[in-house]
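Protein sequence lines correspond, in order, to chains A and B. The working numbering puts the first residue of the first sequence at 12, with every later residue one more than the last. The working numbering puts the first residue of the second sequence at 1066, with every later residue one more than the last. For glycine and all other residues, C-beta sits at the position ideal for the given N, C-alpha and C. From a predicted model like this one, the values you see are computed outputs, not experimental measurements.
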Amino acid sequence: MSPELALFAQITMNGIAVGAIYALIALGIVLIYKATEVLNFAHGDILVLGAFIAWALIALMGLPFWAALLIVMALMGAFAYGLDALVIRRIAGQPQFSGVMLTIALAFMIRGLVSMIFGPESQSYRTPWSGQSTQVFGVSFANIELVIMGVVLAITLGLWLFFRNTRLGVAMQASSQNQLAAYLNGVQVKRVNSLVFALGGATAAVAGVFLAPIALVDTALWLVTLKALAAIVLGGFGSIPGAILGGLLIGLIEQYAGVYLPHGFKDIAAYLVLIGVLILRPRGILGEAHGRRV
Amino acid sequence: MRFAYDTEYRQGFALLRHPEDWANYGLLAALLLAAPFFASNYILGEMAYVLILCIAAMGLMLLTGFTGQISLGHAAFVAIGAYAHAWLMRQGVPMAASIPLAALIAAAAGLVVGIPAIRVHGLYLAMVTLAFAIIVEQLIGMWRGVTGGFMGLSVPRPEMFGLSLASPTAFYYFCLAVAVVVLLGLLNLLRSGLGRAFVGVRDSEAAAAGLGINVKRVKIGAFGLSAGVTGLAGALMAHHIGYLTPDGFTLLLSLELVLMVVIGGLGSMRGAIMGAVVIGVLPVAISRLKAVLPDVVARQFGLELFVFGAILAFFVLFEPRGLNGRWLKLRALIQSFPLYRRDTFRRQKAYMKSERDK
């Protein structure tokens, strides 16, 4: 295999791995948006909080990785549930802008709390796959990237089955399509919406725990919210398959921009895509065509 | 209790409608003019900074509060104004010409950002402006020839018509004068046909279009004007900071500007000024407070961010009309003292309303 092709294969792999994480974050944001029409700007900060708790559990308390992952998922799920039940639910019925402002306020508070509790330094922790790699056709891939792809695939499949086959999943779909009709059919809309938040929080926690070994555990990780927004817009706002596709594409675009474009484009590629898509094709790749969505 | 008793048509939309208004605002003007005689240089510097924030907040208020367009990226226009001004002054352009030019350059950038505003609104516009602010911040870092990149750019000393504005007192008066001019200009604009068109587009685009308002042009115009005013604030900010780096114009500044507008109360220039004062003074107040707080809390890095977030959340949840709304209620309470009815300002019960399939 020629060196150029090997490089291409490697950055494609990196792109898919990072993109899988963006997809997971985008998925959480879209789930919450579809259920409550709140665009959750605090999503990235829930992720940061989860990553820091995972660091505390793994590096400070010496818990095994999988145990820490499960604990963090449960904690962040409960946290997001509480966030909706106690705070965000109160602004139902107000303009969308209120939701944006409220979640930005919550994001500030969570970020402030995280740096108060855990300190402003970046941290890192070991995973069972740190430093290992696999050779395929003479190209080496980090094992953690393969694990990330597997985990994201499993979660997506699990969610798909959950929404199709369980009572709660169908109730969630119903209440996100029409709250009043769902309520009249006996769905406890408030609780279901809070549970959607919990689901979003748990996926954010997974994303955080797996993003931290690639990046670092740092409050600046919240910026992935914005990358996820680009992914959501690219895939089509409000579409779950679109969010996943968009996440993968944004991950790939970023990695290619980092290698093949001049220095500095890697950081702004996602935002250029966001603006370009919104101007040229506001409904994205898989967005629903009906109605006025923009 | 005060009754409206107008004998002339013009009285209905005068800026200062009552004799008390003249007295109150006169007192405020006198206090602001007299400030250099009893305030220290440090406090004057802070007051100038708050005035600059007031100008920027008024710019954003015009867009978000009066035209209904969300912008989460106004720090980009502050940055464009600041860098344009610093660059022009370094090229030898006199300050009297360079400040309006910087505002015009920022306004031109605003027109460019306004173009997506025709096609997208609401959340999407928020995302476009957010992305724009991040791109501008990165571009400033990359464009070394003009902006000095991450190394930064020093701003020449302010001087106008042979007078130096470098002393805190002179700079304070200059900022005060600009702020008053901007405030009066915007208030007058809002009483004019164009200003009414802004409010019309905010309240209902369909109705505005039905009344013959060119909605697209009004939206782009609002973006340009708002960016111009914010760029003007940026030009003044350049002198306040003295040395420009991209770190000074991050997302946090954009969000602080939005914070000012929301805390102040959307849809009123008084709110913009109140919000700017609160957000401008808050960091100073927190650092003062840290001396009193126990050491464990005071050393914390994230305290400021947390307090910002808590205040914003408080206003969104409990007082969506902001400080201005609170002020109106207080004034009504005092003026109609024994007869005040709480229900005058009661919020109507609201239900979940979809904005998806409009």
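As summarised for the region 128-176 of chain A, the continuous beta strand (DSSP E) elements at least 3 residues long and confined to that stretch are 144-147 and 150-153, given in chain order.
Secondary structure at residue 1070 of chain B: coil, using DSSP grouped into helix, strand and coil.
When DSSP reads this structure, residue 1224 of chain B sits in a beta bridge with B:1229. A straight line joining the alpha-carbon of residue 1305 of chain B with that of residue 1114 of chain B spans about 7 Å. Not a single CB atom of chain B sits nearer than 7 Å to the CB of residue 144 of chain A. The C-alpha of residue 23 of chain A is placed about 12 Å away from the C-alpha of residue 150 of chain A. Within a 10 Å sphere around the beta-carbon of residue 1085 of chain B sit fewer than 16 other beta-carbons, which makes this residue exposed. In the three-state scheme derived from DSSP, where H, G and I count as helix and E and B as strand, residue 1347 of chain B is classed as helix. CA-CA distance, residue 1276 of chain B to residue 298 of chain A, rounds to 33 Å. Residues of chain A whose Cβ lies closer than 9 Å to the Cβ of residue 1167 of chain B do not exist, since the nearest Cβ in that chain is about 24 Å away. Burial state of residue 207 of chain A is buried, judged by a 10 Å Cβ sphere holding 16 or more other Cβ atoms. Neighbours of residue 229 of chain A in chain B, taken as residues at a C-beta separation under 8 Å, are lacking, since the least C-beta distance is about 13 Å.
Residue 1215 of chain B counts as exposed, since fewer than 16 other beta carbons sit within 10 angstroms of its beta carbon.
Closer than 9 Å at the C-beta level to chain B, one finds these residues of the region 121-147 of chain A: 121, 122, 123, 124, 125, 126, 127, 128, 130 and 131. Residue contact with chain A for residue 1120 of chain B: absent (no Cβ-Cβ distance below 7 Å to any residue of chain A).
A direct Cα-Cα distance of roughly 13 Å separates residue 20 of chain A from residue 153 of chain A. Taking CB atoms only, residue 1382 of chain B has a neighbour in chain A less than 7 Å away. Linking residue 1211 of chain B to residue 1170 of chain B through their CA atoms gives a straight-line distance of about 14 Å.
Residue pairing of residue 1219 of chain B in beta bridges, as defined by DSSP: B:1308.
Here the region 1314-1321 of chain B lies against the region 1138-1145 of chain B, with 3 or more beta-carbon pairs under 8 Å apart.
In the DSSP assignment, residue 1158 of chain B is bridged to no other residue. In the three-state reduction of the DSSP assignment, residue 98 of chain A falls in the coil class, being assigned neither a helical nor a strand state. Residue 62 of chain A sits away from residue 163 of chain A, with the two beta carbons spaced by 7 Å or more. Among the residues of the region 1178-1196 of chain B, those with a Cβ less than 8 Å away from any Cβ of chain A are 1180, 1181, 1184, 1185, 1186, 1187, 1188, 1189, 1191, 1192, 1193, 1195 and 1196, in the order of the chain. Of the residues B:1327, B:1370 and B:1358, the one whose Cα lies closest to the Cα of residue 1391 of chain B is B:1327.
Using a CB distance below 9 Å, the part of the region 89-105 of chain A facing chain B consists of 98, 101, 102, 103, 104 and 105, ordered along the chain. In summary, no residue of the region 13-36 of chain A has a CB separated from any CB of chain B by less than 8 Å.
Annotated three-state conformation of residue 228 of chain A is strand, per DSSP.
Interface criterion met: the Cβ of residue 290 of chain A is under 7 Å from a Cβ in chain B.
By the criterion of at least three beta-carbon pairs nearer than 8 Å, the region 1118-1131 of chain B is in contact with the region 1290-1297 of chain B. Look at residue 267 of chain A: its C-beta is not under 7 Å from any C-beta on chain B.
Only residues of its own chain outside the window of five on either side were considered, and among them 1214, 1215 and 1311 have a CB closer than 7 Å to the CB of residue 1206 of chain B, listed in chain order.
At a cut-off of 7 Å, the C-beta of residue 271 of chain A has no neighbouring C-beta in chain B. For the pair residue 1405 of chain B and residue 1331 of chain B, the Cα-to-Cα distance works out to about 24 Å. Among the CB atoms of chain A, one or more fall inside 7 Å of the CB of residue 1327 of chain B.
Between residue 287 of chain A and residue 209 of chain A, the CB-CB gap reaches or exceeds 7 Å.
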